[in-house]
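Last residue of the sequence shown: 260 (the working numbering), numbering continuous. Backbone N, C-alpha and C define an ideal beta-carbon position, used for all residues, glycine too. Computed from a predicted model, the values in this text were never measured in an experiment.
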Amino acid sequence: MTSMTETFHQVLHQALASRDTVSVRSTLLETLERDPSKAEIAAADRAARRIAEEGTAVLISLLPNQAGANAYVSTTRGGSSRASSYLTVDEKIIKDLPCRVRLAAEKWDAVIDEGMRLTQQRIGSEPMLSALLPGWKAEPQAEKRARLAAEAAAS
């Protein structure tokens, strides 16, 4: 008997095979054909994290208006302004929204770092963003991994 996490892992892989960006929650709803329980949501999130750790896709968080046609919009109060989890292999999305990357394997570091550099340029060239985000600086993924590894080795 397979666990819920393994089942959702397979379902999410199948969904990624046909689309570049997949909503974790929408895929879960399509599979179950009913509202999922908290345990099922947690299992799907664990499966999505495992896929991201494997390096197959990047786990990101998007607002419904950023996700376009694949958007999952929660039916709860304020759902239209609440971010949802997505798995993506679309480099354009990763580069456009680097601060929304939740989990990625080292294989995606260069793509994420390029997105951070582009975002830094946009902030620097846009007076309103510069005023709202003074001194904003993203830490490149490769440097962050090296820093965390050094901290872990030191303790």
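### Task
Could you tell me how far apart the beta carbons of Pro192 and Val116 are, in whole angstroms, since I believe they sit closer than 8 angstroms?
Strictly speaking, residue 192 in this sequence is Leu, with Pro absent from that position. The pair is not a contact, with the Cβ atoms about 11 angstroms apart (cut-off 8 angstroms).
### Task
For Phe113, I'd like the list of residues in its chain whose CB is within less than 6 angstroms of its CB, leaving aside the five on either flank, ordered along the chain.
Ala148, Ala149, Ala152
### Query
How would you write the range of the beta strand (DSSP E) that Arg207 sits in, first residue to last?
206 to 208
### Message
Could you compute how far the alpha carbon of Ala259 sits from the alpha carbon of Glu138?
### Response
49 angstroms
#### Entry: Integer Cβ distance of Lys212 from Gly160, believed to fall under 8 angstroms
4 angstroms
#### Entry: Start-to-end residues for the alpha helix (DSSP H) that takes in Leu253
246 to 259
#### Entry: Presumed contact (8 angstroms Cβ cut-off) between Ser142 and Arg207, rounded CB distance
That pair is no contact at about 22 angstroms.
#### Entry: With 16 other Cβ atoms within 10 Å as the buried cut-off, status of Gly220
buried
### Task
Run the CB neighbour count on Gln119, radius 10 Å, all protein chains shown included, and call it buried at 16 or more, exposed below.
exposed
### Task
Pick helix, strand or coil for Val194, following the three-state DSSP scheme.
coil
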